[in-house]
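The sequence shown maps to residues -26 to -1, 1 to 293 in mature numbering (1 follows the signal peptide of the UniProt record, and there is no 0).
Working notes for the structure below.
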Amino acid sequence: MTPVRRLGVVLVTGLALVAGTGSIPANGGATAPATTALVAESADDDVSSYAGAVGPQTSKRAVLDYWTPERMAAARPIEEVLGLLPEVDASVEPAGAVPAARGRVPVPKTAGKLFFTTNQGGAVCSAATVKSRRGNQVITAGHCVNSGPGGQGWFDNFLFVPKYHKRRAPYGKWAYSRVWAFNGWINDGKFRYDQAVIQFQKRNGRKLARVTGANRVKLGANQRQRGVRIWGWPAEGPRYNGQVAKRCDGPTKRRGRTQDAIMRCPMTGGASGGPWLLKKGRKKNTGIIWAVTSRRTIGSRPKLLLAAPLPRATKRLIH
């Protein structure tokens, strides 16, 4: 958690700039599947990847077996797992902001809850499917897959549950096979590159996109948008418990001279990585993702979510 003084706001992200994690096994000492990291030191918009070291089917079985109902229930927002403490900021309400959305809107089956493990225990974020050649990929925040500089590095045992609702998985549980993230996040913790893509294995012979559908992406979008819809699974109380999806609707603005877009939204930890959908092209289950939740303000009125628009290099993450 890093105060950004020139913005007058304290920004909270899952793991950014946090000191190295301990060696406590995830979820009470359970053994996680073996993995290997493939990392290349290079430009910020270059990409590094991480994958299981064992065969695809073995890895799939190990991940699915690992995430018992008890472990899923015990997984906490990445902010809580790493012990980030709230601070007070001095942010102001963006012009034209509107309250969080009200009324009933069906949760898209392309969005879901993301489970994974860290050295400090099980953690959760949000994610959404994207159109790709492989048809098995979701986009999320970079800090939901890698701690950034000075921390643990890559996380593990990624499990995606589309349209997760009160411990139910109406479209199944999907085990990962590979992760991609920007070196700008991994090596330097730059929020402009706080995005990642995870590939999942087939389930019952079917690809994820064939089961849920997939969203398109808009790269290099302007921070100012109207009619944006954000989905996420916030899990920090007392208002949220991570069991149901939440949404916020409204306009976004650019935050000062930064790369960030901001929107009024009270979602808390667990919402990181959730999709920001444009009004144009939005349907019941699919839409156009132009950003993913990166961080939020603490102590401000109103609460704000922040995200950098997907950089053009995001095409290097999607395979």
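Note that CB positions come from ideal geometry on N, CA and C, so glycine has one too.
The model shown is predicted, which means the values in this text are computed figures rather than measured ones.
Length of the line joining the Cα atoms of residue i and residue j
i: residue 278; j: residue 245; result: 12 Å
i: residue 219; j: residue 227; result: 24 Å
i: residue -8; j: residue 35; result: Caution applies to residue -8, whose pLDDT of 27 falls short of 50 and renders its modelled position unreliable; the value that the coordinates give is listed next. When rounded, the distance between both Cα atoms is 32 Å.
i: residue 242; j: residue 52; result: 11 Å
i: residue 141; j: residue 205; result: 18 Å
i: residue 100; j: residue 198; result: 23 Å
i: residue 102; j: residue 137; result: 10 Å
i: residue 121; j: residue 97; result: 12 Å
i: residue 144; j: residue 181; result: 15 Å
i: residue 130; j: residue 150; result: 9 Å
i: residue 152; j: residue 90; result: 13 Å
i: residue 215; j: residue 221; result: 14 Å
i: residue 119; j: residue 54; result: 16 Å
i: residue 195; j: residue 174; result: 27 Å
i: residue 318; j: residue 225; result: Limits of the chain in this structure are -26 at one end and 293 at the other, which puts residue 318 out of reach.
i: residue 146; j: residue 48; result: 19 Å
i: residue 223; j: residue 92; result: 32 Å
i: residue 46; j: residue 114; result: 18 Å
i: residue 276; j: residue 139; result: 27 Å
i: residue 164; j: residue 178; result: 38 Å
i: residue 273; j: residue 265; result: 24 Å
i: residue 41; j: residue 271; result: 31 Å
i: residue 239; j: residue 256; result: 19 Å
i: residue 189; j: residue 104; result: 5 Å
i: residue 207; j: residue 176; result: 24 Å
i: residue 269; j: residue 252; result: 19 Å
Beta-carbon proximity check, residue i vs residue j, cutoff 8 Å
i: residue 167; j: residue 159; result: yes
i: residue 262; j: residue 191; result: yes
i: residue 236; j: residue 193; result: no
i: residue 294; j: residue 24; result: A question about residue 294 goes unanswered here, because the residues of the chain that appear run from -26 up to 293.
i: residue 290; j: residue 21; result: yes
i: residue 111; j: residue 172; result: yes
i: residue 209; j: residue 50; result: yes
i: residue 258; j: residue 82; result: yes
i: residue 212; j: residue 161; result: no
i: residue 19; j: residue 285; result: yes
i: residue 109; j: residue 183; result: yes
Simplified DSSP state of residue i, which is helix, strand or coil
i: residue -3; result: The predicted model places residue -3 with a pLDDT of 23, which falls under 50 and marks its position as unreliable, so this point remains unresolved.
i: residue 266; result: strand
i: residue 55; result: helix
i: residue 71; result: Confidence at residue 71 is low in this model, with a pLDDT of 48, below 50, so the placement of that residue is unreliable and no value is reported for it.
i: residue 37; result: helix
i: residue 294; result: Outside the modelled stretch of the chain, which goes from -26 to 293, sits residue 294, for which no answer is possible.
i: residue 220; result: strand
i: residue 284; result: coil
i: residue 87; result: strand
i: residue 157; result: helix
i: residue 182; result: helix
i: residue 96; result: strand
i: residue 48; result: helix
i: residue 165; result: helix
i: residue 290; result: helix
i: residue 63; result: Low local confidence applies: a pLDDT of 49 at residue 63 is under 50, so the model's placement there is unreliable, with the coordinate-based value given in what follows. Residue state, collapsed to three classes: coil.
i: residue 43; result: helix
i: residue 277; result: coil
i: residue 249; result: strand
i: residue 193; result: coil
i: residue 188; result: coil
i: residue 260; result: coil
Assumed close pair residue i, residue j - CB separation to whole angstroms, cut-off 8 Å
i: residue 116; j: residue 170; result: 5 Å
i: residue 187; j: residue 84; result: 5 Å
i: residue 248; j: residue 267; result: 5 Å
i: residue 292; j: residue 106; result: 5 Å
i: residue 156; j: residue 88; result: Not a contact, Cβ separation roughly 18 Å.
i: residue 135; j: residue 86; result: 5 Å
Residue i beta carbon near the ligand COA (any heavy atom closer than 7 Å)
i: residue 291; result: Among the components of this structure there are no ligands whatsoever, and the ligand COA is therefore not found.
If you scan the segment 196 to 240 from start to end, which runs of the beta strand (DSSP E) of 3 or more residues do you find wholly inside it?
-> Runs of the beta strand (DSSP E) spanning 3 or more residues and lying entirely within the segment 196 to 240 occur at 199 to 206, 220 to 228, 235 to 238, in chain order.
Ranges of the beta strand (DSSP E) found wholly within the segment 99 to 128, counting only runs of at least 3 = DSSP runs (the beta strand (DSSP E)) wholly in the segment 99 to 128: 111 to 114.
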